[in-house]
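*Asks:*
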Amino acid sequence: MIVCSCNVLSDDDIRTACRAHENAPRTAAQVYGCLGCSPQCGRCMRTIKRIMDEALGGDCQVGCEICPYSGRILQVPANAGQGQPVPVHAFAAPLRAEG
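The numbering used here numbers the first residue of the sequence shown as -5 and each following residue consecutively.
(1) Give me the Cβ distance between residue 12 and residue 50, rounded to the nearest whole Å; I'm assuming they're in contact under 8 Å.
(2) Is it buried or exposed, residue 37, if we count other Cβ atoms within 10 angstroms and call 16 or more buried?
(3) Determine the direct distance from the alpha carbon of residue 39 to that of residue 47, and round the result to whole angstroms.
(4) Using only the alpha-carbon positions, how far apart do residue 25 and residue 8 sit?
(5) Which same chain residues, not among the five before or five after residue 1, have their C-beta less than 6 Å away from its C-beta?
(6) I need the DSSP call for residue 117, collapsed to helix, strand or coil.
(7) Pick from 3, 29, 21 and 4: whose alpha carbon is nearest that of residue 14?
(8) Over the uninterrupted alpha helix (DSSP H) stretch that includes residue 28, give me the two end residues.
Written out as C-alpha cells, the structure reads:
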C-alpha cells in the first residue's frame, strides 16, 4: 500500500527501513532520510509513525535492559508506573548524521 504519495513510499518501504538499519529510525523524518528522501506535505507522518510502532514494537519487550535498536541501556524515569505514559524508546538516542 502506498503510504506517501509525494515520495511514492509503501508500507513495506517503511518496515524495511525500520529493520534494515542497526540503529533503527525513531521518527518519520529519520525514515525518510533512510529512504533517501524528505517529507513534502506531511499528511503521511501519522501513518508512518503507526507503521514504525508496529514494526519496532513487535521486537521489544517491556522491562528489557538493553534496547536492541539503540544499543544503549534504557533508563527508567522516576515517575514510571505512576500514571505517567512513557514511550518504550523515550530515552534512546536519535540517529544523527556523522560528519
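By construction, the Cβ of each residue, glycine as well, lies at the ideal position given by its N, Cα and C atoms.
*Replies:* Checking against the coordinates, here is how it stands:
(1) The count along the sequence shown starts at 1 and reaches residue 12 at position 18. The count along the sequence shown starts at 1 and reaches residue 50 at position 56. Between residue 50 and residue 12 the Cβ distance is about 6 Å, and since that is below 8 Å, they are a contact.
(2) Mapped onto the sequence shown, residue 37 falls at position 43. Residue 37 counts as exposed, since fewer than 16 other beta carbons sit within 10 angstroms of its beta carbon.
(3) On the sequence shown, residue 47 is found 53 positions in, with the first residue counted as 1. On the sequence shown, residue 39 is found 45 positions in, with the first residue counted as 1. Straight-line measurement puts the Cα of residue 39 at about 12 Å from the Cα of residue 47.
(4) For this step, residue 25 is matched to residue 31 along the sequence shown. For this step, residue 8 is matched to residue 14 along the sequence shown. Rounded to whole angstroms, the gap between the alpha carbons of residue 25 and residue 8 is 7 Å.
(5) Numbered from its first residue, the sequence shown carries residue 1 at position 7. Apart from the 5 residues on each side of it in sequence, residue 1 sits with its Cβ closer than 6 Å to the Cβ of 31 in its chain, given in chain order.
(6) Residue 117 falls outside the range modelled here, since the chain spans only -5 to 93, and no answer is possible.
(7) Residue mapping note: residue 14 aligns to position 20 of the sequence shown, counting from 1. Distance check between residue 14 and each of 3, 29, 21 and 4 places 29 closest, using alpha-carbon atoms only.
(8) For the purposes of this step, residue 28 is identified with residue 34 of the sequence shown, where counting begins at 1. Per DSSP, the unbroken alpha helix (DSSP H) holding residue 28 starts and ends at 22 to 28.
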